[in-house]
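All remarks here apply to the structure that follows.
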Amino acid sequence: MEQKKASQTSCTPSPFQDLPFKEISNFKTPKPSRYAAKFSSPSPTPVQRQPEFFTALKTTPVSSVNRRGSMKPSAVKSSAAARRLKAFELEQAKSARKALINKERSLKSLAKSLTVWLNFLFENPSSCGCDVSSFTGGFETSNRLPYVAGNGKRRESGAGNNTVGVDVLWRGPKRQRHLSSNFEDEGTTAFSDSMFSRLKASLTDICSFDDLKERMSGYLSLGSCKEVFVTMTQVTKTIDEGRLKMRAHCPMVTDVGMKEKSLRTLMCYNPVWLRIGLYILLGGDTLLPNGDVNSEQEIAFLRMVLDKQFFSHVGLAKTYAYNKLVEGLYRPGYYEKLGNIVLKRFLLLVLILDRVKTQSSLPLKYGIDAQDGGSPLLFSLQSDAKSSRQLINKFLSSDVMHGEGNLLAHLVIVGYKVTYQQNPLLEYHFGVADLFKDLQDGIRLCRAIQLLQHDPSILSKMVVPSDTRKKSLGNCGTVLQFLREAGVPLCDQDGTIIMAEDIVDGDKELTISLLWNIFVHLQVKFTIPSE
C-alpha cells in the first residue's frame, strides 16, 4: 500500500513545471518548505520549515566568465597619470571659476557706481558741472501773475527763477537771439477793442471780452493775443451763421456716454494747463494751480468744474426753461444754442493753450522741454491725444458735429490753425535701473552726451521711441560718432573696439568700458578744478 502511494506521489507532476514565470533575480533564495514537504518522498528526518520571504545576498555576485587578470605595471602608471591630469584640470576649472566670480563681482560694483552717477547726472545736471542755461538760452518770467512751476505750485516770480514754468517767455542764446513774429513789440501790435466788436458780441454768453483780454495778457504776448482774437472772430462768425455747428440735440450734453467721453478727452490735458485754460476762459483765481494738482481731490474738483461750468450755462437754462422750478425741461432751441456755446468755449480753449504752450516751450534744438527749461507738458503721460489736432478730432467727432467730414480742413479754411504736437522724447524717463538693459536703446547715452558736451544738436538726431533693433543701432551709432569727435577712446583696456552692436546687445564689459571712458574724459573735467 505504501509503495502504491509512493508511486502515485512520484507520478504527480511538480507544480513548478506549470508556472509560466520563474524567479531568477536571486539564485540563492530558498524555496518554500511546504512544497518540499508535500511533494517530496517521505524522509526519516523531519524537514525544518524555512522562512517565507526572500533573503538578499550580502555580497555582490561576480561572474566567473571572462575574469580579468591583474593589471600590468605600465597600466597602473598610466592610470595614476590620468588621475593627476584630472585633478589638474579640476584645479584649473576651480581657478577659472574663481576668476570669473571675481570679475562678475567687479563688473557688478562698477555697474552700480555708474548707475548712481548717471541718475545723478540726469536728475541734477548743475551739480555735475553741466550748465544747462549755456545752451538753452534764457527765459523771461512774467511779472503780472504768480510764478507757476512745473509741479503746479505757485510762488512769486523773481530774477533767480529760471526753472520750468507756465508763464515764461523763451528767448534763445545770444548767437541766435531773435524773437518770432508772435513776440513783437507791444507798441507795434497794440489794438483797440473796437477792432473786435463783433467778437465781443459773440462771446457775450461765454465771458467778458475785457476780462478775457486781461487774463490772456498774463500768459501771451500782445501779438499772440491779437492773433487769437482775429482767428476767433472768423470762427465765431462761422458758428453764428450756422455753417459750423453741433447736432440739434447736442449729444455731448444729453447723452451720458458721450458726455463722459468728452470729459475724458478734456482730461487728456495736463491738469496744470487745463486749470490755466479754464482760468483764462471762466475766471476765478481758485482755478490757478496750487499744490498737488494731480491728487484725487483736485482731479474730482476739476471734473466738477467742467461738468457744471463748461458743459452748461445757467443764464441760458433760465431763459429757455418752461418752469423755473422744474429742472431739465426746456423750450425748443435750447440744446442747439447750448451746443454753439460749448463749441465756442472748446475752440477758444484749445487755441489759447496751443499758443501759450508754443510760446513758453523750449525748442528741441536747444534742449528738452519741461526738463532743461520751458514749461510743463501740455498733455498728460497717460493720455492718448498728444497734439491739439488729435484732441479736436476726439472731442468734435462725427457723432457730435452736424454735416462735417473733415473738421480740421473746415477750420483751416476759416483761419483756425493749431500746431503743437508733443514730442515723445519729452515723455521719456531717463532714470537708470538696469544699466545694461536701459542703455541698449542709446537714448540715455545721447542725453548724457548732450549734458556733458553742452551740445543739444544730438537730440535732433535721436529716434524716439527706439522700439526696434535698427533704431537702437542708429542711436548708438550717433553716440559713438559724437564721442569720437569729442576725443573719447572707443576701446577697452585690451584694445577691443567698441561697436554699436556691443551696446545694443548689452555686452557688460564693453558697455562699462565705454561709460568709464565717458566719465574720465567728459565728467572729470567738471569735478576737478583746473590749476
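Using full-length UniProt numbering, read the sequence shown as starting at 1 and increasing by one per residue. Every residue gets a Cβ at the ideal spot worked out from N, C-alpha and C, and that includes glycine. In this text, all values refer to a predicted model and were calculated from it rather than measured experimentally.
Among the options, the one whose alpha carbon lies nearest that of residue i
i	options	result
N517	P489, I498 and V412	P489
F430	Q421, Y416, L445 and K417	L445
G277	Q453, N393, L306 and G257	L306
L353	K365, S224, V230 and L338	S224
Q234	K470, V414, L510 and E501	V414
Y335	T254, R97 and I498	T254
V479	T496, K461, K357 and P465	K461
L510	L435, H454, G487 and Y330	L435
G506	M499, K471 and K437	K437
K213	C491, F229 and D292	F229
M267	F526, L378 and C491	L378
A370	D285, S398, R215 and Y428	Y428
M216	L325, F88, I443 and Y279	Y279
Residues that residue i bridges to, as DSSP identifies them
i	result
G373	D369
M246	M401
Y330	A321
S387	Q421
C446	Bridge partners of C446: none, in fact.
I497	C491
F379	Y269
Buried/exposed call for residue i, threshold 16 Cβ in 10 Å
i	result
A463	It should be pointed out that residue 463 corresponds to Val in this sequence rather than to Ala. Per the 10 Å Cβ criterion, buried.
F120	exposed
K103	exposed
residue 541	For residue 541 there is no data in the structure shown, the boundaries of the chain being 1 and 531.
D467	exposed
M195	exposed
P332	exposed
R275	buried
K200	buried
Y322	exposed
R105	exposed
N294	exposed
residue 534	Look at the range of the chain in this structure, 1 to 531, and you will see that residue 534 is not part of it.
H313	buried
R198	exposed
S79	exposed
V350	buried
A385	buried
A96	exposed
C491	exposed
V524	exposed
T231	buried
P424	exposed
I101	exposed
Whole-number beta carbon distance between residue j and residue i, since they are thought to touch under 8 Å
i	j	result
L522	L452	4 Å
Y416	L348	The Cβ separation is near 10 Å, so there is no contact.
I512	L107	6 Å
L282	C207	7 Å
T265	K394	5 Å
S361	S375	6 Å
residue 534	S202	Since the displayed the chain opens at 1 and closes at 531, residue 534 lies outside it and no answer follows.
Chain-order list of residues whose beta-carbon lies under 7 Å from that of residue i (same chain, five-residue window excluded)
i	result
K86	none
F519	W117
R469	V504
K38	Here K38 scores only 49 on pLDDT, less than 50, and its place in the model is too uncertain to base an answer on.
P456	F135, K365, Y366, G367 and Q450
T527	G129
S7	With a pLDDT of 48 at S7, under the threshold of 50, the predicted position of this residue should be treated as unreliable, though the coordinate-derived value follows. Counting only Cβ-Cβ distances below 7 Å, and skipping sequence neighbours, we find nothing.
S398	E404
L391	T265, C268, V350 and A385
Cutoff 6 Å; reference residue i; Cβ partners in own chain excluding five residues on either side
i	result
S387	Q421
I449	I458 and F482
F122	F430
D185	Here the model assigns D185 a pLDDT of 47, short of 50, so the residue's position is not dependable and the matter cannot be decided.
Sequence-distant residues of its chain with Cβ nearer than 8 Å to residue i (five each side left out)
i	result
L316	D205, Y334, K337, L338 and I341
V132	P125, S126, G367, D372, G373 and L451
A82	none
K245	I239, E336, G339, N340, L343, M401 and H402
K5	Residue confidence is low: K5 scores 46 on pLDDT, short of 50, so the model does not pin down where it sits. No coordinate-derived value is stated.
L114	L435, I512, L515, W516 and F519
Y330	A317, Y320, A321 and Y322
P271	G152, P289, V293, N294, E298, I299, L302 and S380
D285	Y279
Q309	L278 and L282
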